[in-house]
Each structure stands twice: as structure tokens, then as C-alpha cells.
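Chemist: Encoded as C-alpha cells, here's the structure I'll be asking about.
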Amino acid sequence: MDIIKGQKDITINIKREEVKVEEEKEKPDTLPEETVSRKKEKKKMEFDKVSLYVFYALIFLLPVFVLPLAVSPVISSKVFLFYGGVILSVFFLLLFLLQKGSVKIARSPLFFAFGGLVIAAFLSSLFSGNSAVSLVGKLSEINTFSMTAFAFLAMVMTSLLFQSEKRAFNLYMALFISAIGAFAFQLFYVLLDAKIIPLNIFQNKTANLIGGWNDFSIFFGLTGLISLVFLEIAGKSTGIIKAFFYSMLAMSVLALAAGNFFHAWTIFGSFALLLFLFGIFRQSSGGGKKIAWTSLVVVFLALFFIFGRGVAGKIGTSIGLNFAEVRPSWTATWNVSKEALKSEPLLGTGPNTFAYNWMKYKPAVVNNTIFWNSRFNSGVGYVPSLAGTLGIVGFIGIAGFLVILLSQWKKSLPSAREMDMADFLTFVSFLSSVYLWIFMIIYTPGPVIISLAFVMTGLFLGLLVKSGKIRSFDVSFAGGKAYVSGLIAVMLLGSITLAYLYTQKLLAVINYGRALEVFASSGDAIKTNNELLKAIKKDKQDEYYRTLSELSLIYLNQLAANKDMPREELGPLFQNALSSAITSAKEAVNLNPEDTANWMQLGRVYEMVVPLKIEKADEYALDSYAKAGVKSPLDPSPYVASARVVAQTGKLKEVRGYLNGALRIKPDYVSALYMLAQLESEEGNLKEAISRVGQVAAISQDAGSYFQLGLMNYQNKDLDQARMALERAVGLNSEYANARYFLGLIYDRQGLRDKAMEQFKNIEKNNPDNEEVKKILANLASGKTALAEISPAPEKRDEPPVKEKETGSLKKR
């Protein structure tokens with residue numbers, strides 16, 4: 002049944018599921034002017050149809066739309082498209098309502114439950130103390146209030162626009178055609194290495210149009226499920242249609258096999274088993290005419306890939322599909338949320354703040370892994386993460402929503418033994434909705450899966466309205482009072498404002514990406530600065546200001562190294578760059594005081610000018626680092642940064658105190674161990690320190706202790722003992738880049754050039770942009786010593802020579 006009712010000369014008579022539209026007959030004495038008026042009326046743009054077509058376009062484009070952005074291209078593109086599509090669709094529907102219409106809205110508790118969640122998210126954003134981050138955030142952030150509100154709008158719009166079988170079927174066809182495009186792209190990209198997307202924004206074989214590699218699996222699990230339901234339950238259909246859905250099922254299974262995502266196979270296989278059992282039940286009750294053999298085959302395929310993941314993984318590896326994602330565990334997510342609830346029990350810490358909760362409350366055991374410095378924007382799943390960010394009120398809202406959705410299962414079943422198209426579409430929409438919401442609970446998907454979860458839920462509600470299984474109510478705006486028209490006008494203006502806001506955000510992302518590209522290609526600080534200022538003008542984000550501050554520091558170093566510029570010219574430039582660095586870092590802190598990175602950047606700026614004897618620079622630096630430590634108490638880097646500051650003032654006792662503080666948090670922290678070894682050497686305590694660290698290493702059998710022992714022996718010119726300790730460190734942790742670095746230097750000095758090259762080649766894998774490592778390999782290849790033409794010596798530097806691998810998390814997906 003169409004949801005839009007006309008007025009005046011059109012009457013809609015409703016009887017059960019039939020909708021009849023009767024136009025009043027023209028009177029014989031109709032004047033020519035009236036006839037012309039009627040023709041003009043018919044030629045008016047049907048804004049409700051435009052709204053519908055915009056939504057079709059949104060569903061079609063969502064899986065395949067990607068802009069060639071330099072920063073977060075896939076997520077930013079999808080979010081911009083989703084927001085833009087929903088805004089446009091709402092805009093044209095509002096125009097229709099302003100013109101002449103009414104809408105039929107589902108009277109569903111699902112709307113009230115999630116509407117309550119949206120209100121809770123809004124209030125939580127306002128009281129979070131970080132409203133800009135929670136309300137809107139960056140374009141690439143999907144845990145904001147904006148995403149929640151737009152997802153709710155998408156659900157409502159789907160329920161309004163798709164209250165007929167034809168429209169629902171067309172929506173599925175748009176999704177299928179888009180899926181074919183996404184699959185074809187991946188096929189050409191993986192097997193033929195075809196560079197279809199410009200600017201090479203996809204850097205590995207698992208990069209895809211949908212989003213994350215696991216999102217790719219979830220999406221094709223959805224298309225496979227829809228195809229399977231049609232083949233098993235839809236009843237009689239032509240051979241061409243059956244062939245199409247068999248092809249879609251085969252394509253989906255191939256995509257799932259390539260993705261090799263355990264949860265996708267488990268959930269997809271479980272739904273296939275349910276369909277098989279449902280088919281048996283229908284047959285026994287006289288409703289079905291065949292056993293769902295296709296579902297049974299899919300169940301066995303799922304079992305094969307679930308229990309044969311190793312085989313599937315080897316096949317994927319052979320064609321370049323190496324993939325491992327990480328996330329916090331259920332326990333870690335709960336512990337972080339529990340701690341957050343202690344401070345903000347009712348409304349939580351605010352949308353889009355899980356990353357800051359993680360840095361503040363993460364389990365201490367995480368620091369014993371290579372993932373200690375990882376930041377997570379959400380926990381084990383989208384829904385569980387809401388407990389800490391939206392509080393008890395928000396979590397009750399989402400829990401109530403899910404319980405109500407599951408309670409609708411009886412309404413999804415056919416009322417008669419034989420399913421007609423309406424029954425089928427209602428049933429498949431319910432299954433699709435539940436399938437996607439399961440992943441919203443156990444996983445943190447990207448914008449495509451999140452959007453489709455709400456769209457499928459809205460589609461289910463719209464079809465329930467069509468079948469009369471849930472009540473609805475009419476909201477008419479035609480011929481209303483002036484305040485109604487005024488309200489719609491305000492909503493239209495709001496739509497235009499939102500469209501402008503998110504367009505500006507997209508343009509800011511483009512400018513920010515250009516800034517990074519300009520600096521990477523030319524190192525031109527002036528041009529980079531101009532692009533950053535353009536980005537900031539369009540969208541004030543702490544990340545942009547932080548980058549601008551860092552750029553100013555780089556420019557300061559360039560000025561300091563410039564021996565040709567007269568001092569009278571250098572002074573003002575230096576002062577302006579320093580002022581820009583401080584101002585930008587402070588603005589980043591003001592915009593987002595919860596982000597440790599902003600406090601660390603402000604501390605870096607002040608630390609850099611401590612040698613210039615600027616008044617209280619050391620105090621400001623230490624204060625900034627201390628605040629960073631408060632925001633992330635298990636991060637050792639603020640302690641080491643503070644040690645660097647006090648080292649410049651000659652307070653060696655305080656240096657040792659800060660370094661020991663860092664090592665209490667993370668005993669194998671390379672920067673602290675490295676600086677402590679230098680301190681022992683400078684104080685003449687190297688031999689005593691070697692003895693003490695040797696005892697600790699023997700007891701703890703810790704890679705960090707052996708690295709420190711090896712480094713001290715290296716400084717003490719005892720290469721044999723240093724080699725033994727460093728070999729032990731590498732044996733305990735094969736990813737220990739700095740241990741390999743000094744071990745390689747020892748091998749070179751002992752004439753073991755092949756072994757030295759092996760160490761540096763291993764380092765190069767995780768540090769492909771490290772120019773010093775490339776220079777060392779070139780030296781060794783040409784018969785020179787490893788450190789030929791390289792100064793100062795690595796043991797005399799303030800920082801370790803190689804950056805350790807510090808990205809990832811706790812649990813592979």
C-alpha cells in the first residue's frame with residue numbers, strides 16, 4: 002500500500018490489503034481554464050517519488066561508492082554518502098508534505114525504543130564535556146551522535162517509503178546489482194591487480210569497496226542469506242530468476258570463502274540451518290512442497306570453512322589475501338565500560354569516547370603485548386561499547402530495541418500455508434535485520450553494515466504496515482495551520498544546513514589529505530601550511546591543529562638549520578613559527594582535552610624550546626606531559642618525555658625517577674631502557690648497572706631486560722656479551738627491531754656480514770621508510786662498515802634508532 006495520500010480530488014479507500022484510488026469524474030461543464038489547471042497539477046514534480054529514487058540510489062551506491070581521498074577514503078566516502086542520501090531523501094519528502102500530502106507511520110515500539118536511545122545520545126553528548134567530538138566528530142568517525150541520529154532517520158524513512166512489495170523488491174535488486182559490482186571489482190583487483198580506483202588509495206589485496214575485509218564477508222553473507230531465502234521459500238519462479246539467485250548465492254559463498262571470517266561463516270551457516278529446519282516444519286505442516294536441500298548444502302559448506310580455516314587461510318595467502326584485525330575482548334570491553342560507568346553512570350562518557358575510555362581504563366596486561374599503544378574507537382562490538390559511552394539509559398534503550406525486534410518474529414511468518422510475495426519479503430527483511438544486528442553485537446562493523454542494519458529494520462516495519470500486521474497512524478500536513486508549514490520550513494532549512502555542514506567536512510578532509518601529500522612529496526612547509534589552514538577553516542578538528550603544530554616544529558628545525566639566512570630575517574620567522582606551534586597545540590587541547598596526543602603535542606612544543614631558556618618552558622612541558630599521563634595512566638611515553646625535559650636542566654635524579662616510573666608501567670619500554678642505559682654510562686655506573694640488569698634478566702627472562710643488558714655491554718665495548726644478550730632478546734621477541742639493530746652492528750664488527758644483512762633486512766620489513774636502515778644495507782652490500790657516513794653513533798642519540806612495531810590489539814577477528 003502506498004504511504005502517501007493525496008487530497009481534494011483523490012480519495013483512498015482501504016480494505017484489508019487492497020488500495021483503490023478513485024479520481025472524481027470531470028463534470029461536463031468543466032471550464033477550459035479548470036482543465037488546464039488540472040493538467041498543470043499533474044505535471045508538478047512528485048517529490049515523494051524523488052525521495053524514493055534518492056533512497057534507491059543510496060542503497061545502490063552505498064556498497065560501491067568511494068572517493069579518492071588521501072585520508073580514510075572508504076569510511077569518509079561512505080559516511081558522506083549516507084548522510085547526504087538521507088538528508089536529500091528527507092528533504093524531498095518534506096517538500097511533498099509541504100505541497101499536498103500525508104504519511105502513514107508504523108505504530109511500532111521499535112521507534113520509541115531507538116528514539117529514546119537517540120535522545121539519550123544527544124543528552125550524553127551535551128553533558129560529556131567534549132560535545133563537538135560526541136555530537137559530530139570527524140567525517141570518518143561512526144560512533145557519534147550524528148551517525149546514531151542519521152541511522153534512526155534511515156530506519157524511519159525506509160519504513161515510510163517502502164510499504165509495497167514492488168518497492169521492497171526493487172530495493173533488494175538495487176542491493177544485488179551493487180553487490181555484483183563490488184564483487185567484480187574485488188575479483189579484478191585480487192586476481193588481475195587492476196587499479197580501477199584512481200590515486201592508488203587501495204594498498205593491499207584485502208582493501209575493498211565495502212570497508213574492512215570482515216565487513217566484506219558480512220555484506221556477502223547478507224546477499225547470500227537473501228538469495229537462499231528466495232530459493233527455498235519464495236515458491237514458484239521462472240528459470241531465469243532462479244538462475245539469478247543461484248548465481249548470487251554462489252558469488253556470496255565465494256566472497257565468504259575469500260574473506261575467511263569465522264563469525265561470518267558461523268552466523269551465515271546458522272541461518273542456513275534455521276532455513277533448512279523451517280523448510281522441514283513447513284513441509285510437515287503442509288505448507289512447503291520440498292525439502293530445503295540448498296540450505297543443507299550451505300550448512301555443510303559453512304562447517305567446512307569453520308573447521309578448515311587453516312586450509313582456507315593458506316589458499317587466501319597464496320593469492321595475497323593476508324589479513325588480521327584486532328579488537329578488545331569481551332572482558333576488556335566490559336572492564337573499560339564498568340570503570341567509565343563509575344564516573345558517569347546514567348548517560349555515560351558520551352558518544353565517540355570509547356577510545357579515551359580505553360586509554361584511561363585499559364587492562365594493565367595489555368602493556369605486556371606489542372599492542373600496548375593501540376587505540377580502539379569501540380570495543381568487542383558496536384552494541385556492547387554503548388554501555389560505557391551512553392550509560393545505563395542508553396544501554397537499556399538499545400537492549401530494549403533488540404528485545405522488541407526479536408519479539409516480532411511471529412509477525413514475520415506467513416499467515417497462510419503458502420507464502421505470497423508480501424510474506425516472503427517480510428520474512429526475508431526480518432531475517433536480514435536480525436542477521437545484521439547480530440554482527441552489531443559481536444563485532445564493530447563499518448558504515449555500510451551499520452546503515453543496512455537500520456534500513457533492513459525499517460523495511461521490515463514498512464512491510465508489516467502493508468500487510469496490516471502492525472497498526473499505523475496517518476499524519477497529515479495538507480491544509481494545516483500556518484505553524485505546521487512553518488515547522489516543515491524549519492526542517493527544510495535544517496536539511497540544507499546539515500548538507501552544507503557535511504560538505505564542508507568533506508572538503509576539509511580533501512584539504513587535509515592534500516597537505517599530507519604535499520609534505521610527503523616535496524617537504525614544502527609553506528604549501529602544507531596553507532592546505533592545513535584551508536582544512537581548519539572548513540572544519541575545526543583537533544587532529545588538524547595538532548598536525549599544524551607539528552608542521553610548525555618542523556619549520557622551526559628548518560629555520561635553525563638554515564645558515565644562509567640573515568639573523569634579522571630569521572628572528573621574526575622563528576618567532577612566528579614558534580607562536581603558531583604553541584597556539585595550534587593549545588587549540589587542539591581546547592577542542593579535545595581528552596585526547597592524550599594533544600597534550601603530548603603541547604608538551605613537545607615547550608620541550609623543544611627549553612634549550613632556548615624561554616621562561617617556564619620546562620614547567621609548561623612537564624605540566625602538559627603530566628596531564629597526558631592522567632588521560633592515559635598506563636602509557637609510559639609521558640614519563641620518558643618528562644625525563645627528556647628534566648635532563649636538559651641537569652636534574653639527573655629526577656630523570657632516573659621518571660624513567661623508573663615508565664618502566665614500572667611497561668618494563669620492556671625501549672625508550673626508557675635506552676635512556677636509562679645512557680644515564681648509567683654518563684654517571685660512570687655502567688659496570689654496576691650491567692651486573693644488576695643481568696640479574697634481573699636472568700630472573701625475568703624478559704626481552705626488554707636482555708635488550709638493556711645487550712645495549713649496556715655494547716656501550717662497554719664487550720661485544721661478545723652484548724651479542725649473547727641481544728640474541729636472547731631477539732629469540733624472546735622476533736619483532737624487537739632495536740635489538741636486531743644493535744645485533745646487526747655487532748655482527749658487522751665481528752665480520753659476520755651476511756648475518757648483519759639478515760638483521761637489517763628483517764628490520765626493513767616493518768620500517769620500509771627508514772632511510773638509515775636503507776643506508777646501512779647499502780653500506781654492507783658495497784663492502785663498507787654498517788655505520789659508514791652515519792652520525793652520530795646510535796648509542797649516543799636521545800632516541801632509539803628504529804621505531805618499534807606498536808600497532809594492533811588484543812583479539813584477532
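Plus 1 on top of the position in the sequence shown (first one is 1) and you've got our numbering.
Using N, Cα and C, we set each Cβ at its ideal position, and we do this for glycine too.
#1: Quick one, are the C-beta atoms of G395 and L348 less than 9 Å apart?
#2: Out of L733, Q679, Q542, A789, which has the shortest C-alpha to C-alpha gap to V137?
#3: M601: buried (16+ other C-beta within 10 angstroms of its C-beta) or exposed?
#4: Looking at the structure shown, is R472 part of a helix, part of a strand, or coil, going by DSSP?
#5: Would the segment 56-68 count as touching the segment 98-108 if we require 3 or more Cβ pairs under 8 Å?
#6: Between I219 and Y173, how many whole angstroms is the CB-CB distance? I'm expecting something under 8 Å.
#7: Closest to G495 by CA distance: which of L95, L111, L140, S78 is it?
#8: Determine the direct distance from the alpha carbon of P329 to that of S90, and round the result to whole angstroms.
#9: Going by other Cβ atoms of all chains shown within 10 Å of its Cβ, with 16 needed for buried, is F301 buried or exposed?
#10: Enumerate in chain order the residues of its own chain whose CB-to-CB distance from I88 is below 6 Å, with the five nearest sequence positions on each side excluded.
#11: Residues in the same chain with beta-carbon distance under 8 Å from Q505, minus the five sequence neighbours each way, listed in chain order, please.
#12: Bridge partners for I106 per DSSP, in chain order?
#13: Using the beta-carbon count (16 or more within 10 Å), is Q576 buried or exposed?
#14: Determine the burial state of E805: buried for a count of at least 16 other Cβ atoms within 10 Å of its Cβ, exposed for fewer.
#15: Express the C-alpha separation of Y737 and T597 in angstroms, rounding to a whole number.
#16: Over what stretch of residues does the alpha helix (DSSP H) that includes W373 continue unbroken?
#17: Looking at T159 and L460, is the spacing between their C-beta atoms short of 9 Å?
#18: For Q559, count neighbouring Cβ atoms within 10 angstroms of its own Cβ and tell me buried if that reaches 16, exposed if not.
#19: In chain order, which continuous runs of the alpha helix (DSSP H) of length 4 or greater are located wholly inside the segment 53-105?
#20: R328 by DSSP, collapsed to three states: which one?
#21: Within this structure, are the beta carbons of Q187 and L154 separated by less than 9 Å?
#22: Within 10 angstroms of its Cβ, does I242 collect 16 or more other Cβ (buried), or is it exposed?
#23: Please list the segments of the alpha helix (DSSP H) lying wholly inside the segment 223-289, counting only runs of 4 or more residues, in order along the chain.
#24: To the nearest angstrom, how far is it from the Cα of P110 to the Cα of Q409?
#25: Based on Cα-Cα distance, which residue from I106, K688, V611, S125 lies nearest to T650?
#26: If you reduce the DSSP assignment to three classes, tell me which class E805 lands in.
#27: Pick helix, strand or coil for F163, following the three-state DSSP scheme.
#28: Apart from the five residues on each side of it in sequence, which residues of its chain come closer than 6 Å, Cβ to Cβ, to W1?
#29: According to DSSP, simplified to helix, strand and coil, what is G212?
#30: Which full runs of the beta strand (DSSP E) of 3+ residues lie inside the segment 418-466, going along the chain?
#31: Ordered along the chain, which non-local residues of its own chain (more than five positions away) have a Cβ less than 7 Å from that of Y748?
#32: By how many angstroms is the C-alpha of N205 removed from the C-alpha of V298?
#33: What did DSSP end up calling T504 once you bin it into helix, strand or coil?
#34: Quick check: the segment 424-440 against the segment 122-142, are at least 3 beta-carbon pairs closer than 8 Å?
#35: For the alpha helix (DSSP H) that F402 lies in, which residues bound it at each end?
#36: When the Cα atoms are used, what is the spatial distance from E796 to E544?
Modeler: Judging by the given coordinates:
#1: If you number the sequence shown from 1, residue 395 lands on position 394. If you number the sequence shown from 1, residue 348 lands on position 347. Against a cut-off of 9 Å, the Cβ pair of L348 and G395 comes out as a contact.
#2: Reading the sequence shown from its first residue, position 136 is the one you call residue 137. It is Q542.
#3: Reading the sequence shown from its first residue, position 600 is the one you call residue 601. M601 should be labelled buried.
#4: Start at 1 with the first residue of the sequence shown, and residue 472 comes out as number 471. Coil, per DSSP.
#5: no
#6: Stepping through the sequence shown from its first residue, residue 219 is reached at position 218. Stepping through the sequence shown from its first residue, residue 173 is reached at position 172. So it is not a contact: roughly 17 Å between Cβ atoms.
#7: The residue given as residue 495 occupies position 494 in the sequence shown. The residue with the shortest Cα to Cα distance from G495 is L95.
#8: Looking up residue 90 in the sequence shown gives position 89. Looking up residue 329 in the sequence shown gives position 328. Those two C-alpha atoms are separated by around 37 Å.
#9: For the purposes of this step, residue 301 is identified with residue 300 of the sequence shown, where counting begins at 1. By the neighbour-count rule (16 or more Cβ atoms within 10 Å), F301 is not buried but exposed.
#10: Working through the sequence shown from its first residue, we reach residue 88 at position 87. Here the set comprises S496, L499, A500.
#11: As a working mapping, residue 505 is identified with position 504 in the sequence shown. Result list for Q505: K539, D540, in chain order.
#12: In the sequence shown, counting from the first residue as 1, residue 106 sits at position 105. DSSP lists F474 as partners of I106.
#13: The residue labelled residue 576 in the question sits at position 575 within the sequence shown. The residue is exposed, with fewer than 16 neighbouring Cβ atoms inside 10 Å.
#14: For the purposes of this step, residue 805 is taken as the residue at position 804 of the sequence shown. Buried: at least 16 other Cβ atoms inside 10 Å.
#15: Within the sequence shown, numbered from 1, the residue matching residue 597 stands at position 596. Within the sequence shown, numbered from 1, the residue matching residue 737 stands at position 736. Each residue's Cα considered, the two are about 25 Å apart.
#16: As a working mapping, residue 373 is identified with position 372 in the sequence shown. Neither: W373 is in no alpha helix (DSSP H) and is coded neither H nor E.
#17: For the purposes of this step, residue 460 is identified with residue 459 of the sequence shown, where counting begins at 1. For the purposes of this step, residue 159 is identified with residue 158 of the sequence shown, where counting begins at 1. Yes; because the gap between Cβ atoms is below 9 Å, this pair is in contact.
#18: The residue labelled residue 559 in the question sits at position 558 within the sequence shown. Under this definition Q559 is an exposed residue.
#19: 74-100
#20: Within the sequence shown, residue 328 is the residue found at index 327, counting from 1. Note: R328 maps to strand in three-state DSSP.
#21: Translated into the one-based positions of the sequence shown, residue 187 becomes position 186. Translated into the one-based positions of the sequence shown, residue 154 becomes position 153. Not closer than 9 Å, so no.
#22: For the purposes of this step, residue 242 is taken as residue 241 along the sequence shown, with counting starting at 1. Looking at its Cβ environment, which holds fewer than 16 other Cβ atoms inside 10 Å, I242 is exposed.
#23: 240-260, 263-285
#24: The count along the sequence shown starts at 1 and reaches residue 110 at position 109. The count along the sequence shown starts at 1 and reaches residue 409 at position 408. Rounded to the nearest angstrom, the two C-alpha atoms are 11 Å apart.
#25: Taking the sequence shown and counting its residues from 1, one reaches residue 650 at position 649. The residue with the shortest Cα to Cα distance from T650 is V611.
#26: Residue numbering aside, residue 805 sits at position 804 when the sequence shown is read from its first letter. It is coil, neither helix nor strand.
#27: Locating residue 163 in the sequence shown gives position 162, where the first residue counts as 1. Looking at F163 - three-state DSSP - the assignment turns out to be coil, as it is neither helix nor strand.
#28: The question about residue 1 has no answer, for the chain in this structure spans 2 to 814.
#29: The residue you call residue 212 lines up with position 211 of the sequence shown. Looking at G212 - three-state DSSP - the assignment turns out to be coil, as it is neither helix nor strand.
#30: none
#31: Stepping through the sequence shown from its first residue, residue 748 is reached at position 747. Excluding residues within five positions, the ones whose Cβ falls inside 7 Å are K756, A757, Q760.
#32: Within the sequence shown, numbered from 1, the residue matching residue 298 stands at position 297. Within the sequence shown, numbered from 1, the residue matching residue 205 stands at position 204. Cα to Cα, the separation comes out at about 32 Å.
#33: Counted from its first residue, the sequence shown places residue 504 at position 503. Three-state result, T504: helix.
#34: no
#35: Mapped onto the sequence shown, residue 402 falls at position 401. Here the alpha helix (DSSP H) through F402 covers 383-408.
#36: Position 795 of the sequence shown, counted from the start, is the residue given in the question as residue 796. Position 543 of the sequence shown, counted from the start, is the residue given in the question as residue 544. Near 33 Å, if we compare the C-alpha coordinates of E544 and E796.
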